[in-house]
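Note sheet for the following structure.
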Amino acid sequence: MLPRFITKSIHAYLDYPVAFALMALPFLLGLGQGNILAFWLSVVTGIAAFVLTVLTDHHLGLFRVLPYGLHLAVDGAVGLVFVVAPIALGLSGIEFWYYMGLGLTVLAVVSLHKPEEDVQVA
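Converting from the sequence shown to this note's numbering requires adding 4 to each position, the first position being numbered 1.
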């Protein structure tokens, strides 16, 4: 069994930097040379991740209208898409490893999520 140590609070602190990195890294790394989708997939996902974080019900969410469980499910789906994308799009080199590495990392973060303790009211 995996040690589950990534709390809702830790996850919230990761969300904004990851969203901005997803938007900036394609520019910095020159993604999209072989396939323009390698560029836009990250940028659009970064924008969506930012919006998702702003709307998520955690302490860093600004509007807190989406349940945290939905946020985790979307993160898991993004991880899967990022693992499949380099194969499906025929990416190679840095573009392949960018998406494969990010996808596996996102899946690891989601799988290491520590469920919140149920609050017992006496």
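Backbone N, C-alpha and C define an ideal beta-carbon position, used for all residues, glycine too. On a predicted model such as this, the values are computed, not experimentally measured, just so you know.
Exposed unless 16 or more other CB atoms sit within 10 angstroms - verdict on residue i
i	result
GLY34	exposed
SER46	buried
Rounded straight-line distance, which links the Cα of residue j to that of residue i
i	j	result
ARG68	VAL110	22 Å
PHE24	TYR103	16 Å
VAL87	GLY107	5 Å
LEU56	PHE43	20 Å
GLU120	PRO90	34 Å
ALA81	LEU26	16 Å
SER13	LEU6	19 Å
TYR17	ALA92	31 Å
PHE31	TRP101	16 Å
Pick from the options that is closest to residue i, judged by C-alpha positions
i	options	result
ASP79	TYR102, ALA112, ILE98, LYS118	ALA112
ALA40	LEU116, LEU95, GLY107	Rather than Ala, the amino acid found at residue 40 in this sequence is Ile. When each option's Cα is compared against that of ILE40, the closest is LEU95.
PRO71	LEU64, THR60, VAL85	THR60
GLN37	GLY107, VAL58, LEU116, ILE98	ILE98
ASP19	TYR103, PHE9, HIS63, LEU32	HIS63
LEU29	VAL82, ILE14, HIS15, GLY50	GLY50
GLY73	ALA92, LYS118, LEU93	LYS118
HIS15	GLY65, LEU32, GLY105	GLY65
8 Å Cβ cutoff met for residue i and residue j
i	j	result
VAL114	LEU76	yes
ARG8	LEU84	no
VAL22	ALA52	no
Length at least 3, wholly inside the stretch 48 to 98: the beta strand (DSSP E) runs in chain order: none
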